[in-house]
Every structure is written in structure tokens, then in C-alpha cells.
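Q: First residue of the sequence shown: -3, per my numbering; consecutive thereafter.
Even glycine gets a Cβ: it sits at the ideal position worked out from N, Cα and C.
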Amino acid sequence: MALSWCATMIAARAAAQTPAPPVAVTGTFHIIWRDAAHGGAIPGGDRRYVLIDDHGAWYDVQLDSAALTSLGGERALDRRRVTIGASEILSPARAHTAMPQIRARTLRLETLHAAGAVSFTFSGPQPYVTILCRFQDTPVDKLPSKSMVQTLAGGSSSYPSLDNYYREVSNGAITLAGSRVVGWYDLPHARAYYVVNSQADLQKLTADCTAAADKDVDFTAFRGINMQFSDQLDCCSWGGTTLLTLDGQTRAFGVTWIAAWGVSQAAYGHEMGHSFGFPHSHGPYGQTYDSKWDIMSYTYDWTDPTYGSIGPHTIAFHKALAGWIPAARRFVAKAGTSTITIERSAQPASNGNYLMAEIPIPGTSEHYTLEARRFTGQYDAHLPGQAIIIHRCGVDATVIDADGNGNPNDNGAMWVTGETFTDAAHNIAVTVGPQVGNGWQVTIRDQVTATTPLSIALGAAGRRDTTFARASVAFPDSVRLTLSGTGASSAHWSAARKAAWLVLAATSGTGSGMLRWQHQAHSLAAGTYVDTISVTASGATGSPARFVDTLVVLAQPRVEDAAAALLGTTTLSAPAARYLDAQGNGNGTFDLGDFLALASRTGASASGALAAARANARDTSRATPNGVTP
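#1: Given a cut-off of 7 Å on the beta-carbon distance, is the pair Thr532 and Gly481 in contact?
#2: Can you tell me whether DSSP reads Asp290 as helix, strand or coil?
#3: At what residue ranges does the stretch 67 to 136 contain a whole run of the alpha helix (DSSP H), taking only runs of 4 or more?
#4: I'd like to know whether the C-beta atoms of Leu148 and Asp159 end up nearer to each other than 7 Å.
#5: With a cut-off of 8 Å on the beta carbons, I'd call Asp442 and Ile424 a contact; round off their distance for me.
#6: Would you be able to state if there are at least three C-beta pairs under 8 Å between the stretch 255 to 270 and the stretch 51 to 69?
#7: How many angstroms separate the CA atom of Ala113 from the CA atom of Tyr162?
#8: Measuring alpha carbon to alpha carbon, tell me which residue in Gly35, Tyr55 and Val78 is nearest Thr22.
#9: From this set, Phe118, Asn349, Ala593 and Asp376, which residue's C-alpha is nearest Asn581's C-alpha?
#10: Any chance you could list the beta strand (DSSP E) runs of at least 3 consecutive residues sitting entirely within the stretch 228 to 258, in chain order?
#11: Is it buried or exposed for Pro156, if we count other Cβ within 10 angstroms and need 16 for buried?
#12: If distances are taken between C-alpha atoms only, which option among Ala217, Phe218, Arg187 and Gly220 comes closest to Asp204?
#13: Looking at C-alpha atoms only, which residue of Pro472, Leu239 and Ile254 is the closest neighbour of Ala248?
#14: Roughly how many angstroms separate the alpha carbons of Asp297 and Lys288, rounded to a whole number?
#15: Could you spell out where the beta strand (DSSP E) holding Phe327 opens and where it closes?
#16: Rounded to whole angstroms, what is the Cα-Cα separation between Ser539 and Ser508?
#17: Can you give the Cα-Cα distance for Leu64 and Ile529, rounded to whole angstroms?
#18: Is it true that the CB of Arg340 sits closer than 7 Å to the CB of Ala368?
#19: Quickly, what does DSSP pair Gly23 with across the bridge? List them, please.
#20: Is it true that the stretch 219 to 236 meets the stretch 121 to 136, where meeting means three or more beta-carbon pairs spaced less than 8 Å apart?
#21: Should the stretch 406 to 416 be regarded as contacting the stretch 382 to 395, the criterion being three or more beta carbon pairs within less than 8 Å?
#22: Counting only runs that start and end within the stretch 163 to 190, where is the beta strand (DSSP E) found for 3 or more residues in a row?
#23: For Gly35, which residues of its own chain have a beta-carbon under 7 Å away from its beta-carbon, when the five flanking residues on both sides are left out?
#24: Measuring only the C-alpha atoms, how far is Gly332 from Gly220?
#25: Specify, as a first and last residue, the run of the beta strand (DSSP E) that Gly348 falls within.
#26: Can you tell me which of the three DSSP states Thr445 falls into?
#27: Taking its Cβ as the centre, do 16 or more other Cβ atoms sit within 10 Å of Thr24, making it buried, or is it exposed?
#28: According to DSSP, is Ser508 part of a helix, a strand, or is it coil?
#29: Mark Gln245 as exposed unless 16 or more other C-beta atoms lie within 10 angstroms of its C-beta, in which case mark it buried.
#30: Is the beta carbon of Ala495 sitting closer than 7 Å to the one on Asp527?
#31: In angstroms with no decimal places, state the Cα-to-Cα distance between Ala561 and Ala595.
#32: Note down the Cα distance separating Arg493 from Asp31, rounded to an integer number of angstroms.
#33: Decide if Ala609 is buried, meaning its Cβ has at least 16 other Cβ atoms within 10 Å, or exposed.
#34: Looking only at its chain, what residues have a beta carbon closer than 7 Å to the beta carbon of Tyr190, apart from the 5 residues adjacent to it on each side?
#35: Between which two residues does the alpha helix (DSSP H) harbouring Ser570 extend?
#36: Taking Leu351 as the reference, give the member of Trp513, Arg71, Ser361 and Ala323 with the closest Cα.
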């Protein structure tokens, strides 16, 4: 009985000390943005990363910036099929989230399947179905006006409908023709069922709201889905894309989740912008909603008494992402001096003038955009002013504000005739010339972009494979990291690996040098292990550079086997011989010095082992050990 109890306790302790096996989840990666009521603070940031797996389950994904950068940033992952590895999946209760949470340790892009193949450019009809869904505990007399939602999102082409707005914003590239509004539908639960840990459970909301409308809606006829709810969700309304299976079709839909407070032209237009893939834009002051130049910020001066806030156009950066500014009307700066005319992008004339300019920023993946903003139409009639507006654009867009006074909407952000913006660090200057028609003449001086392009490469500093014995100390390895081209010495890089047994000495750095790591083979069974090290440098040719490292793990060679090999009566495997040489005199071959080093490490008698091996071999061989006098 005592022995049985002890065995049970030992087994239980071992189980408790054994880490949970790693998990991997494959699905489609989505960025979903959230927006607080009336431009308030957003707890937890303005976006959420969501993985929808192949079974339709949703996960909250936590990623560090290095992982995002190594794969080209969040826009390169949005709507792409990925595999995420994690040590475990946390329950909503443990993670304090509305859905299970994956804290990603590895992330790998997979081949894009047809269901996730959604373009970021849009043209032609883009019909949305808007579903009105009532929580069980919302009184009927408190519902937002269906007639107002019908006017905004029901397919009308008249001002201030979303069809009218996006026809103008896209310069006629898209319409929302064919859009419908259906409901109100009663959801099967009260609001508290859909708000978990103070967060909206978007999966539950989507499943129940679309199911309520399914009898009346053929979802295959729509590009996107707006869901208008009868009450608050959590802090926010939401917009983005999700992979859904509806009416027998699995694909990515543009989706919005709109709280009761969000029934206005600007709020609908903003969330639908997120469903097109547009991020927020803002000033350089750490605020999400401080730019009056963009509906994708949230500061609107114009309010209609019936339809609420009316948003301006979105900025040229977003229009270009969506393909709404033709390539022929986008100027991309090259080295030297160029003088062009930039016309307003809202209701432009068909005169062939440029609607925007882009200036690449050397050594980065970012660029400046220039656009002309003028009072015009119903939506840009209430801009803060008329001027050339400059944004620095990467993941999102930041207004360039020269006076640094905390307001990106005053004269400091408006570049007018005679004023010059200068980026001295990159030898870029922009001078605004005279007004020409509905825009301005602009002179761009760019002295850097024609210099040597930045490139990255990894070159081996030795063999691509390393051999270890189990329970040995960690062994180092390295590879040369070479950055060349303009700005190479100050170019930032980040490194990532997948396997836990490969431990990078540094995961980021600047300029060329040696990338070093340790092999931690202590807990590995004998076998061959392969991992890929990826090094990313923004804007560099060859990025990400990859190096394949192979680890061969052996059982510690026995002194008896080494003695027999020294005598020539048997042969060590090549990995074993390489390991003993590396641990011995390192002269490239297994010999007496390596045998003596093994005997010393293990506390064995060298002479005794040789004598035993000689005795064992006496009947089969008269071989003499290399370098040993019998």
C-alpha cells in the first residue's frame, strides 16, 4: 500500500511538472477595429486580432510587434490563412476576454485558400445587408429609428445615404446598390449574454443576429453585413472582416457591429470603412479621434438634425489602398526635383492632374502622402480649411502638424502657397506653389530615394547542422547578418524562430553583424530537429532573410564504443564522431585526443576501456589504435 501511494504521488508530481503540450490552430486572421461612443477613450486599444479556425471557432489573438513585423505587418496578415502556435489556449475566464485567447509564440502564413481570397481593392456594386437585432431586455419603444437606418443603409442613392457617400468618395468606383435593411429581429438572449468580461462577444452576436435574419436574406447576394443592435454592446461599435459560412457559402464578409448610439451617417460610414480594411488616422499626439480631415478619425463639425454627424471624405492614403485613385493620377516621387499639380480628390475634374503624391521614406516601409483638400459637395463642405495636407503613412496615417500644438486641424497642418515642409533626416522637402484650379502646384525635392536600395542577407558562418549529445551543455552557433545599401548602418532588423530549443541571443538590432543563438538540447530525445530563423528589415530587398538550422541530438557516446572505434574494430556514426571531435581537440577527425577527453568527462578509465576493447577484439582483429603503441 505504501509503495503504491508513493508511486502515485511521484506520478502526480511528474504530471504537474510536465508542461502542457504546445497547440497549433489554423484559420483566417482578421483585424477588427473598435470605436468608443462619441470619440471617447478605447480601453485595450483600437483594434483586435481575431483568428477564425476551420471549424468556425473564434479566438482572441495576442501578438507582439516583432512577430507582426517579421511577417510584413498587420495588413499583410489581414484576411490571410495562418497557423498560430501557442503553449496553451486560455479560457475567457482566465484571459478576461469574451472569447478564448491565443498568446502566439509562432505564426506562419499558409497558402491562401479561396474562401479568404478577398481583395483590398473594390469596384462595382458592393451591396450590404443591414440587420436590426433587438436584445430580449430592450424595450420596443427604445429601438433606434428603422426609417433612419433605412435612409442611411437601404440602398438609396440620395444624400446622406451611404451609397451616395461612397459613390462620391470612390469617385464612382463603387456603389452600394442592392443594399437592404431587415428587422427588427428578437435575439434569443438578453444583452448580458453577449457581453462577457465587459467585452462584446462578436461571435455570439454574429451567429444569433444572422440566424434571426436568415429566413429573409440570401447572404450570397451581399458583400457585407451591418448589424445594428438595440442597446450598448461594450464600450464600442466594431468594424472589420470575418470569415462566415452563410447560405452554404464560406467567405470573408465585411462586417460591422453598431451599438444603439451609432445610428448616424458618420458612424455608419466610419465602421463600413473598417469593413473595407481602412484603419484609423490621427494627429501626432497619441489620440485616436483628433483629425477632422478623415471620416476614419472621429471629429466631425457638421451635424444634420435628422441623420446625426456627417463625416468628410476619407484621406488619399485609404482611397489608394482601395484602388479608388487610378495609378495614372498618383505621383510617386523619385530622386531629384519634380513640380506637379495636385487637384482635390473630392469631386475632381477629369483634367488629368494628380489626385495625390507619394514620397517613399528611405530605410523604412513608410511614405508621405500629399493631397489637396477644398470645400466641395455635401461631405467636404465643412473641412477645417483649404490646403495641401500631408500624412506620414505606414500601418496607419498621421497628420503632419508643423506647430506641434496638439491640434492637427489648424494652420500648422495646412500647407499653403509659399510654405515648405522639410524632412531633413531624409533630404525631403515639399514646397507649395500657387493655387491652380481646384488644387495647388507642388515642388518635391527628394535627394535620397535613388541611392543604393537597402538589402539584407544571411550567410553561413560554419556548417548548417550541429550535433549534440543529450544532457550536454548548450552549444552556440551563429550566422553572418549583412545589411547593405543606403541607411544600412542604422537599419533596424528583427529576428524570429519557431522552435523552443533554439534560443536567439538577440531578437532585434541595428546594422550588420553576427546573429548568434544557443541550442538548448537538454530535454530533447535523440533525433534530428530543423528550424528556420527569419530576419526582417523594413523596406529591404531579401526581407525576410532565412537560415535553416539543423540539430542532431544523440545519446552520449559510450566510452566502450569510442575505445572500440579507436582500435578500429567498429565505426562510430558520423554525427557521433563529429560530436566527440568537437568536445575533444577539434582537429576534424576522431582520434586519441577525443577519446581521452571523453574518458575524462565521464570519469572512466581510459586504459581500462582500451584494455577491455582490446580483449573483446582479440579474436576478431589485431588492429592497433591510431597513435597508440601496443
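A: Put simply:
#1: Locating residue 532 in the sequence shown gives position 536, counting from the first residue. Locating residue 481 in the sequence shown gives position 485, counting from the first residue. Not closer than 7 Å, so no.
#2: To locate residue 290, count along the sequence shown from 1; it is residue 294. DSSP places Asp290 in coil when its eight states are reduced to three.
#3: Runs of the alpha helix (DSSP H) lying entirely within the stretch 67 to 136 and spanning at least 4 residues, in chain order: 70 to 73 and 88 to 91.
#4: Looking up residue 148 in the sequence shown gives position 152. Looking up residue 159 in the sequence shown gives position 163. In this structure, Leu148 keeps its C-beta atom at 7 Å or more from the C-beta atom of Asp159.
#5: Here residue 442 corresponds to residue number 446 of the sequence shown, with the count starting at 1. Here residue 424 corresponds to residue number 428 of the sequence shown, with the count starting at 1. About 5 Å separates the Cβ atoms of Asp442 and Ile424, confirming a contact at the 8 Å cut-off.
#6: As far as the Cβ criterion goes, the stretch 51 to 69 does not touch the stretch 255 to 270, which means the pair count is below three.
#7: Taking the sequence shown and counting its residues from 1, the one referred to as residue 113 is at position 117. Taking the sequence shown and counting its residues from 1, the one referred to as residue 162 is at position 166. Legend: pLDDT at Ala113 = 44, less than 50; position of this residue unreliable, value from coordinates given subsequently. Distance between Ala113 and Tyr162, taken at the CA atoms: about 23 Å.
#8: Here residue 22 refers to the residue found at position 26 of the sequence shown. Comparing Cα-Cα distances from Thr22 to each of Gly35, Tyr55 and Val78, the minimum goes to Val78.
#9: Here residue 581 is taken as the residue at index 585 of the sequence shown, counted from 1. For Asn581, the closest of Phe118, Asn349, Ala593 and Asp376 by C-alpha to C-alpha distance is Ala593.
#10: Here the runs fully enclosed are 232 to 242 and 245 to 254.
#11: Within the sequence shown, numbered from 1, the residue matching residue 156 stands at position 160. Buried.
#12: Translated into positions along the sequence shown, residue 204 becomes position 208. Scanning Ala217, Phe218, Arg187 and Gly220 for the CA closest to the CA of Asp204 turns up Arg187.
#13: The residue labelled residue 248 in the question sits at position 252 within the sequence shown. Comparing alpha carbon positions, the residue from Pro472, Leu239 and Ile254 closest to Ala248 is Leu239.
#14: By 1-based counting over the sequence shown, the position of residue 297 is 301. By 1-based counting over the sequence shown, the position of residue 288 is 292. Spanning the alpha carbons of Asp297 and Lys288 requires a straight line of approximately 8 Å.
#15: Working through the sequence shown from its first residue, we reach residue 327 at position 331. Here the beta strand (DSSP E) through Phe327 covers Arg326 to Val328.
#16: Taking the first residue of the sequence shown as 1, we reach residue 539 at position 543. Taking the first residue of the sequence shown as 1, we reach residue 508 at position 512. About 14 Å.
#17: Residue numbering aside, residue 64 sits at position 68 when the sequence shown is read from its first letter. Residue numbering aside, residue 529 sits at position 533 when the sequence shown is read from its first letter. Our two residues, Leu64 and Ile529, have alpha carbons roughly 15 Å apart in a direct line.
#18: Reading the sequence shown from its first residue, position 372 is the one you call residue 368. Reading the sequence shown from its first residue, position 344 is the one you call residue 340. Yes, these two residues count as a Cβ contact at 7 Å.
#19: On the sequence shown, position 27 is the one that residue 23 refers to. In DSSP, Gly23 forms a bridge with Asp49 and Val78.
#20: At 8 Å Cβ cutoff, the stretches touch.
#21: The stretch 406 to 416 vs the stretch 382 to 395: in contact.
#22: Correct list: 176 to 182.
#23: Stepping through the sequence shown from its first residue, residue 35 is reached at position 39. Correct list, in chain order: Tyr285, Tyr294 and Thr295.
#24: In the sequence shown, the residue the question calls residue 332 occupies position 336. In the sequence shown, the residue the question calls residue 220 occupies position 224. Rounded to the nearest whole angstrom, the CA to CA distance from Gly332 to Gly220 is 44 Å.
#25: Residue 348 sits at position 352 when you count from the first residue of the sequence shown. Going by DSSP, Gly348 is part of no beta strand (DSSP E) at all; its letter is neither H nor E.
#26: On the sequence shown, position 449 is the one that residue 445 refers to. Low local confidence applies: a pLDDT of 47 at Thr445 is under 50, so the model's placement there is unreliable, with the coordinate-based value given in what follows. Thr445 falls in the coil class under three-state DSSP.
#27: Residue mapping note: residue 24 aligns to position 28 of the sequence shown, counting from 1. For Thr24, the number of other beta carbons within 10 angstroms of its own is at least 16, and it is reported as buried.
#28: Locating residue 508 in the sequence shown gives position 512, counting from the first residue. Note: Ser508 maps to coil in three-state DSSP.
#29: Walking along the sequence shown from the start, residue 245 turns up at place 249. Burial state of Gln245 is exposed, judged by a 10 Å Cβ sphere holding fewer than 16 other Cβ atoms.
#30: For the purposes of this step, residue 495 is taken as residue 499 along the sequence shown, with counting starting at 1. For the purposes of this step, residue 527 is taken as residue 531 along the sequence shown, with counting starting at 1. In contact: Ala495 and Asp527 (Cβ atoms closer than 7 Å).
#31: Working through the sequence shown from its first residue, we reach residue 561 at position 565. Working through the sequence shown from its first residue, we reach residue 595 at position 599. In a straight line, the C-alpha of Ala561 is about 14 Å away from that of Ala595.
#32: As a first step, residue 493 is located in the sequence shown; it is residue number 497 there, counting from the start. As a first step, residue 31 is located in the sequence shown; it is residue number 35 there, counting from the start. Per the coordinates, the alpha-carbon of Arg493 lies some 35 Å from the alpha-carbon of Asp31.
#33: In the sequence shown, counting from the first residue as 1, residue 609 sits at position 613. Classification of Ala609: buried, given that the 10 Å Cβ count is 16 or more.
#34: On the sequence shown, position 194 is the one that residue 190 refers to. For Tyr190, where only same-chain residues beyond five positions count, the Cβ hits under 7 Å are Ala196, Asp197, Lys200 and Leu201.
#35: Within the sequence shown, numbered from 1, the residue matching residue 570 stands at position 574. In the sequence under discussion, the amino acid at residue 570 is Ala, which differs from the Ser named in the question. Bounds of the alpha helix (DSSP H) holding Ala570 are Ala570 to Gln579.
#36: Position 355 of the sequence shown, counting from 1, holds the residue named residue 351. For the options Trp513, Arg71, Ser361 and Ala323, the alpha carbon positioned closest to that of Leu351 is the one of Ala323.
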